[in-house]
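Okay, structure first, notes after.
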Ligand SMILES: O=P(O)(O)OC[C@H]1O[C@H](O[C@H]2O[C@H](CO)[C@@H](O)[C@H](O)[C@H]2O)[C@H](O)[C@@H](O)[C@@H]1O
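Numbering (UniProt numbering), first residue to last: 1 to 720.
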C-alpha cells in the first residue's frame, strides 16, 4: 500500500489494515470523466423521460469540472487531516479564521463580533419580511445540524415533534424542500412529512411533483411513482454511479471494520465515512484508508462534512445546483418575485449559500454556534433558533393572510357566508366549521374533503329550506349527524302530517333555493362583490354591527393585533397564549374559555365582554377596561392589573380577594382606581361577591364612544 505515513503512523495503520482488499479497477490518476448522456445515466427504458428534445439541463451538469490530472498524495499534505480536525470543532477550540484560542468566557464576545458580519436571522426578521412583501418565499432546509441536533449516532438524529410541526407549518405556507446529504428515502423517513419536496444525496436525488414539470420540459428527468403510488418526477444526475457507489460503500465498510467507532453509510449516489466516534488518534488512519480506496475511483471525489468524509461522483452538481434546479422546476426562477431562504449548517450547504449570494437572491442562513467563514448572509445559533425562526415565519404568514382576508375582502360572497355562519353557530365542532373558523383568519376559505363540501351544500339546503318553507325544523344544538338525519327524515320522508300537500311545495322550494344558493356560491362575480367585501372588511364585520369576526377555537398563540377592533367578535375557546392585543377594542366580544396565558391586553377595552372560564394567568391587563365584564370561574393568577378598571365586573369572591392583595393604579381612560373598581377593602360588598364595583347601583357612565353600545339620547352606554 502506497502512503507517506511516518513509522509511528504506519504501525498504527498496520494494526487496522494488512491486506489490500480494494477492487482493482480504474487508474490512480484523476482524469476528466466523459460527459454522461441519458443512456449513460442508466435511465430505464420503461421510465419515461420528461422531455426527449432540447438541450438537457443534465448535459451541462454532468460534464465534470476540468481538473488537472493529479496524483493523490499523503492525507496530511493534501489537507484532509486539517479539514477533519476543523470539521465541527467544539466551542472551546482554535477558530482558524479568528486565530485565537477562545476561552469559554470569551466565546460570546467573539461570537457577537462575528454576528456583525452574519447577523442573527431572528433579529433580522423584520428586515426579511419587509423584503418578502409581495414576493413568494421558498424554503430550503438542510437536515442534520439544522432540523435535528448533531448526535453521535447518525441513525438516532431525530427531529423534535415541535420542529416537525414547525416544518409542516412552513410547508403549508411556502414551497419547502429538504436538501440533505443523506439518501432521499432516509431523510424522508426521518422528517416524516408528505407536504414537502425532498432532495437526497446532496441534491443528486430530487423528487418533485408532476404538475410542476411544465416549466422544465427541457430538463432531463424521469417519471416515477412515490410511496403512495402518486406519479412524480425524479431528477437523478448521478444514476450512472449507483453501482460504483455501492461497490465503494462495501469496500469502505470492509476496510474500516476494525476501527472502533467508524461508520459507513450508503446514500445511493454518495457514501459517508463517519469518524465522530473514532479516537482522534486514529483519524489519520481513517483518512488514509478512504484516500487509498479512492485512488482506484478517479470518478469519485471527497468532500468534508461534520466529522464525516463524504465520497461522491465527480459531477458538477451540488446543493447549490439543486437549489437552482428546484427553483426552475417549480416555476420559481423569476428572481423579482421569489425570495429563497436556505438554512443549513454544513460545508456542503455553502454551495447553496454561494448561489444565493452570487445571484443576490434571498437569504442563506448559516446554523452555527461558533464563528466561521461562510457565504451565508445571516446566522442562527442552533436548531432551537431554527425552530423559532420557522415558527415566526408561519406566524407572520398567517397574520399576512388574515390581513388579506380582511383588507382584500372575503374570498366567498357575503350571501354564501350567511347560512354558513348560522350553521357554524349551531355546529361549531363540525369539521366544516373548524375549517371555516380557521379560514376566517387564514388565507382562503377552502374545502378539504368531499364530505365537507356536501356538509356545506347541506348547510345551504337547511338554511334555504328554513327561509323558503318557513319550516319549523329545529336543528339548534343537535349533533351534526342527528341534524342531518332529522332533516332528511322529517323533511322528506316522515313528515306524516302534511306530507302529501307540503312535499311538492317543499321540494320545489328546496330545489330552487339550493340552486340559488349554489349559483351565489359558485358563480358569483367576485369582482362585483369587491366593493361590498371591502366595505365589510373596513368595518370588520359582515353585518354592519362592528366586528363579527370568528376566532372560535382559533390558534392565536403569539398573535399580534395591536389597536384593532374586535367588537362582538367570537374568541370562544381560542388559544391566545402570549398574544398581543394591547389597545384593542373587544366590547361585547365572547372570550369564554379562551386561554390567554401571558397575553397582553394593556389598554384594551374589554368592557361588556364575556370572559368567564378564561385562563388569564400572568396576562397583562394594565390600564385595561373591564367594566361589566363577566369573569366568573376565570383564573387571573399573577395577572398584571395595574390601572385596570373592573367597575361592575362579575368576579368570583376568592378571585377578587386575591386581586385586591396587590391591586393598584388608576385607569387613565375612566379615571377609576383599580382598587375601588374591585371594591377592595369593602368587606360588606365583598361579602356578597360580585359584581365588584361600588358604582353598581349607578347607571354606567359613558366610557368610550362606542357605536352600537351607547344611547345617543342619554349618553349612556350599555349592552343592547
Ligand atoms: O446535508 P445534511 O442533511 O446535513 O447531511 C450531512 C451528513 O449528516 C449526517 O451526519 C451528520 O449528522 C450526524 C447525526 O447528528 C452526526 O453523527 C455526524 O457526525 C454528522 O456528520 C449523516 O449521517 C451523513 O451521512 C450526512 O452526510
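For each residue, glycine too, the CB sits at the ideal point set by N, CA and C.
For residue 304, the uninterrupted beta strand (DSSP E) segment begins and ends at 300-305.
The beta carbons of residue 670 and residue 645 sit closer together than 7 Å. For residue 316, the closest of 202, 112 and 568 by C-alpha to C-alpha distance is 202.
A direct Cα-to-Cα measurement between residue 157 and residue 357 gives close to 30 Å. The straight-line gap separating the alpha-carbon atoms of residue 391 and residue 247 is approximately 42 Å. Going by C-alpha positions, residue 300 is about 43 Å away from residue 133. Contact residues of ligand 1 (beta-carbon closer than 6 Å to any heavy atom; chain order) are 142, 143, 144, 145, 150, 151, 152, 154, 157, 180, 181, 182, 265, 272, 274, 276, 305, 306, 307, 308, 310, 346 and 348. The shortest CA-to-CA distance from residue 635 to any of 275, 624 and 656 is the one to 656. About 7 Å separates the beta carbons of residue 383 and residue 147, which is inside the 8 Å limit, making them a contact pair. Burial check for residue 313: the Cβ neighbour count within 10 Å reaches 16 or more, so the residue is buried. Looking at the DSSP output, residue 209 shares a beta bridge with 232.
When rounded, the separation of the alpha-carbon atoms in residue 221 and residue 234 is 6 Å. The beta-carbon distance between residue 640 and residue 620, rounded to whole angstroms, is 5 Å. This is short enough to meet the 8 Å contact definition. Its Cα nearest to that of residue 614, the residue 596 stands out among 173, 145 and 596. Residue 150 has its alpha-carbon roughly 16 Å from the corresponding atom of residue 161. With contacts defined as CB atoms closer than 7 Å, residue 340 and residue 110 fail to qualify as a contacting pair. Distance from the Cα of residue 321 is smallest, within the candidate group 210, 344, 332 and 355, for 355. Contact annotation, residue 290 with residue 252: C-beta distance approximately 7 Å; criterion of less than 8 Å satisfied. Residue 380 and residue 629 have their alpha carbons spaced roughly 44 Å apart.
Between the region 303-312 and the region 259-275, the count of Cβ pairs shorter than 8 Å is three or higher; the stretches touch.
Looking at the DSSP output, residue 594 bridges to nothing. Bounds of the beta strand (DSSP E) holding residue 312 are 308-313. Residues of the same chain with a CB within less than 8 Å of the CB of residue 399, apart from the 5 flanking positions on each side, are 559 and 560 in chain order. DSSP, reduced to helix, strand and coil, places residue 659 within a helical segment of the structure shown.
Within the region 238-285, the complete beta strand (DSSP E) runs of at least 3 residues fall at 263-266 and 271-274. Contact annotation: residue 631 and residue 659 have beta-carbon atoms that are not nearer than 7 Å. Cβ-Cβ distances below 6 Å link residue 598 to 578 and 618 in the same chain, with the five nearest sequence neighbours on each side left out; the list follows chain order. In the DSSP assignment, residue 199 falls within the unbroken beta strand (DSSP E) covering 197-200. Scanning 173, 350, 374 and 223 for the CA closest to the CA of residue 395 turns up 173.
In the structure shown, the three-state DSSP call for residue 395 is helix. Judged by their CB atoms, residue 191 and residue 179 are not nearer to each other than the 7 Å cut-off. When DSSP states are grouped into helix, strand and coil, residue 190 belongs to the helix group. When the five nearest sequence neighbours on each side are left out, the beta carbons in the same chain lying within less than 6 Å of the beta carbon of residue 600 are those of 580, 582 and 620, in order along the chain.
Taking C-alpha positions only, residue 673 is separated from residue 397 by approximately 40 Å.
Looking at the DSSP output, residue 625 sits in a beta bridge with 605 and 645.
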